[in-house]
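*Asks:* Mind having a look at this structure? Questions to follow.
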Amino acid sequence: MTLTKADLVQQVYKHHEGLTKAQATDSVEAFLRISKNSLISGSDLLLSGFGKFNVKYKNARRGRNPQTGDELTLDARRVVTFKPSGILRDKINQS
């Protein structure tokens with residue numbers, strides 16, 4: 001099962017009685033907007049107890065199309081990586 005943005009909004013709404021559904025939606029949207037802007041600017045995003053999102057730079061390199069075997073050049077790019085916290089890793093491995 002995949003957790004969607006709508007599921008997040010529903011959970012925030014359900015667990016915070018003082019919020020309207022619109023306020024819950026605005027809260028989730030604001031968090032995601034701040035997170036995206038942080039990563040776009042090249043900053044890391046650390047969520048204590050959850051994990052760390054890093055922006056890494058990959059240089060251009062030679063690659064190969066696995067279907068045809070043709071060589072090609074992969075452009076330099078930035079990628080986002082995630083490293084879960086020890087707390088999250090332990091909870092995932094308990095089940």
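Take the sequence shown: its position 69, counted from the start at 1, is 69 in full-length UniProt numbering, and no numbers get skipped. Just so it is clear, CB atoms sit at the ideal spot from N, CA and C, and this is done for glycine as well.
Taking 8 Å as the threshold (C-beta atoms), are L88 and G42 in contact?
*Replies:* Reading the sequence shown from its first residue, position 42 is the one you call residue 42. Reading the sequence shown from its first residue, position 88 is the one you call residue 88. No. Outside cutoff.
*Asks:* Since L45 and S38 are thought to touch, with beta carbons under 8 Å apart, how far apart are those beta carbons, to the nearest angstrom?
*Replies:* Residue mapping note: residue 45 aligns to position 45 of the sequence shown, counting from 1. Residue mapping note: residue 38 aligns to position 38 of the sequence shown, counting from 1. Between S38 and L45 the Cβ distance is about 5 Å, and since that is below 8 Å, they are a contact.
*Asks:* Would you say T81 and K56 are within 8 Å of each other, going by their C-beta atoms?
*Replies:* Within the sequence shown, numbered from 1, the residue matching residue 81 stands at position 81. Within the sequence shown, numbered from 1, the residue matching residue 56 stands at position 56. Result yes, Cβ atoms of T81 and K56 sit closer than 8 Å.
*Asks:* In the structure shown, what three-state DSSP assignment does T25 receive?
*Replies:* In the sequence shown, counting from the first residue as 1, residue 25 sits at position 25. T25 falls in the helix class under three-state DSSP.
*Asks:* Would DSSP call N37 helix, strand or coil?
*Replies:* Translated into positions along the sequence shown, residue 37 becomes position 37. Helix, per DSSP.
*Asks:* Can you give the Cα-Cα distance for M1 and Q10, rounded to whole angstroms?
*Replies:* As a first step, residue 1 must be located in the sequence shown, where it is residue number 1. As a first step, residue 10 must be located in the sequence shown, where it is residue number 10. The alpha-carbon atoms of M1 and Q10 are separated by roughly 16 Å.
*Asks:* Could you pull out every residue in the same chain whose Cβ sits closer than 6 Å to the Cβ of A76, ignoring the five residues on either side in sequence?
*Replies:* In the sequence shown, residue 76 corresponds to position 76, counting from 1. Here the set comprises N59 and A60.
*Asks:* Does the Cβ of V79 have 16 or more other Cβ atoms within 10 Å, making it buried, or fewer, making it exposed?
*Replies:* Sequence index remark: in the sequence shown, residue 79 carries index 79 (1-based). V79 is exposed by the Cβ-count criterion.
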